[in-house]
Each structure stands twice: as C-alpha cells, then as structure tokens.
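One structure is given below, encoded as structure tokens.
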C-alpha cells in the first residue's frame, strides 16, 4: 500500500496507482512503490547484459546505503528491490536516490521497459506485469507464467502454516504482552498505555509460530488483544485479592483465589474501577491494533494483487 508521499511522486512522473501500489514507467524502467510499518520499498524491473554490470549496480547501492538509509537491497528474478527506512525526510532521500540511481542503470546498460525482465528479450505489443507477494514481474506474460509455475514447485512454504499455529502463537504473545500491563499497574502507573504494544506483540507471536496468512490472521490477533486486556485486568484484581487474604493471615487455594477475585472484581463497589480499567485498556489496545490492522490488511492486498498493464 502506497502513502501520500509515494502517490504524489507517482503523479509527478506519470505513474499509476494499481491495487494500492504506485507503478509504471519511471524514466525508462518499470517500478513498483509501496510501503509498510517503518519502511518504503521500490522494485525496479530490468535485466543487464552481464554479471559484471550487475555487480557494479550492486556496488553503487552499497556505497550509498548509509547516505539514503537503505535497510535492504535484494537482487530479484526480475531486477532489484530496495527498502528504505521510513523516517523524517524519507521522500526527499528517495527522490535524491532516484536521481543518482537511474543514471547508474543507464550507464551499465540495464534493459528497461522495452525488454522482458525475465528473459531479457524485446517486448512486442503490450507489456505485462504481475504482483505476486513481494515479487514484481514485468515483461512477457508467458515468461511470468513459466517462472510462477517453477517457483510454485520450489517454494511451498505456506503449506506448513496453519491457523492453529497462529492461535497458539497469539496466545503466547498475549501472555507476554500483558506482563507489562500488570507490572505498570502494580507500580501505580497507568497500565492501559501498554495496550498500545499488545497487538504488535501478539502479531509477532502469530508469525513466529507459523500462523497461516489470510483474513483469519487479523481476526485472531484482534481477538487475543482484547482478551489480553481482560486477562491483565483480572490478574491485577487477583493480586489485590491475594493481598486481602494475606492480611487475614490466610493462604487461599487456587480455586479460592479465582472465585474470590471474581466476587471482588464484579462487586458493585468496584464496578466503576472495573469499567474504567477495561474501557481505557480497550481504547489504547484498539489504537495499537489499528496500526496492526492497517499493516495486516496491506499485506493481504499486496499478497493477493495481480495486475495486467494495458498501456503505459
């Protein structure tokens, strides 16, 4: 998904917005621009005549990596992918980088929009492009289909991922995420602020344990985030309840602690505190989950996007 900065850059250079990405012919090379949390990414589609020229292009990017805050530079099947750290002044750095990078491509005889980025041969008629995950294809449709079929056999990574693994990962992430909320509450600070991080931690747990990609990912993350708020609130009441028992010199069993916590938690005298803690906790967790929602939604759109160019 491209933001306003990339869209404006695209408008200034005659590029189009297709399924959330800015793409088209940029000074003789097909590019695709999009962004996510903390980064902006540009894919350049081209081929070069020999490995020496490709090495020179790679060498240039390495030399300016720190100057333009380039986080990652990957040589792909159809060109290169460049990821910029998204901080203050990123768009200015991207524009300056493009002014330097395009002449480098020209100098080392990179083949641009008139050539297929897969086979390197001239394109006759309308070119074709396709977004498949993080890969941007450009050139002959037959080359795209052949390459896609080969990669489908080589990379069955998603087959090992399941929603069950994602649920387990989200649960573990929730347990870790509520710990700061409990600690802050016991220190007398406002615990709801930690809810801003809860969705992010749960998302990371979902991904680390191999949760399946899809809309179910978003539902799982948000569900566990709000369960986490209630769980953190319950734990804080449980700690207070345990303190009451200890004041009476009585060591409660686990069942007694749970039932006692429920009684105190839902006692009429504590309803105002309960509503305030849950309400503000849900509010800040919702704000934190909003950024996660946008990020996961962008991932879904990018992953499922397939586009064909009719006229550049």
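Numbering (our numbering), first residue to last: 2 to 313.
Backbone N, C-alpha and C fix where the C-beta goes; we use that ideal spot for every residue, glycine too.
8 Å Cβ cutoff met for residue i and residue j
i: residue 123; j: residue 130; result: no
i: residue 54; j: residue 76; result: no
i: residue 85; j: residue 41; result: yes
i: residue 178; j: residue 209; result: no
i: residue 30; j: residue 14; result: no
i: residue 162; j: residue 200; result: no
i: residue 43; j: residue 71; result: no
i: residue 113; j: residue 128; result: no
i: residue 98; j: residue 49; result: no
i: residue 204; j: residue 222; result: yes
i: residue 197; j: residue 285; result: yes
Alpha-carbon spacing of residue i relative to residue j, whole angstroms
i: residue 289; j: residue 110; result: 47 Å
i: residue 294; j: residue 25; result: 28 Å
i: residue 157; j: residue 105; result: Any reading at residue 157 is ruled out, since the residue's pLDDT is 40, under 50, leaving its predicted position unreliable.
i: residue 67; j: residue 126; result: 40 Å
i: residue 159; j: residue 207; result: Residue placement at residue 159 is flagged as unreliable, the pLDDT there being 45, under the threshold of 50; a coordinate-derived value is accordingly withheld.
i: residue 180; j: residue 277; result: 19 Å
i: residue 259; j: residue 245; result: 13 Å
i: residue 253; j: residue 264; result: 14 Å
i: residue 186; j: residue 279; result: 13 Å
i: residue 12; j: residue 138; result: 22 Å
i: residue 272; j: residue 230; result: 16 Å
i: residue 257; j: residue 214; result: 41 Å
i: residue 8; j: residue 20; result: 12 Å
i: residue 249; j: residue 232; result: 26 Å
i: residue 34; j: residue 132; result: 11 Å
i: residue 174; j: residue 100; result: 43 Å
i: residue 243; j: residue 255; result: 10 Å
Inter-residue CB distance, residue i and residue j (contact presumed, cutoff 8 Å)
i: residue 287; j: residue 234; result: At roughly 15 Å, the Cβ-Cβ gap does not stay under 8 Å, so residue 287 and residue 234 are not in contact.
i: residue 92; j: residue 10; result: 7 Å
i: residue 80; j: residue 46; result: 4 Å
i: residue 23; j: residue 3; result: 5 Å
i: residue 262; j: residue 226; result: The Cβ separation is near 22 Å, so there is no contact.
i: residue 274; j: residue 236; result: About 15 Å; that fails the 8 Å criterion.
i: residue 78; j: residue 119; result: 7 Å
Residue(s) in a DSSP beta bridge with residue i
i: residue 82; result: 44, 75
i: residue 123; result: 116
i: residue 17; result: 24
i: residue 130; result: 139
i: residue 314; result: The shown model of the chain, from 2 to 313, leaves out residue 314, and the question about it has no answer.
i: residue 30; result: 27
Should the segment 218-228 be called in touch with the segment 159-175, which here means at least 3 C-beta pairs below 8 Å?
Contact between the segment 218-228 and the segment 159-175 is present, because at least three Cβ pairs lie under 8 Å.
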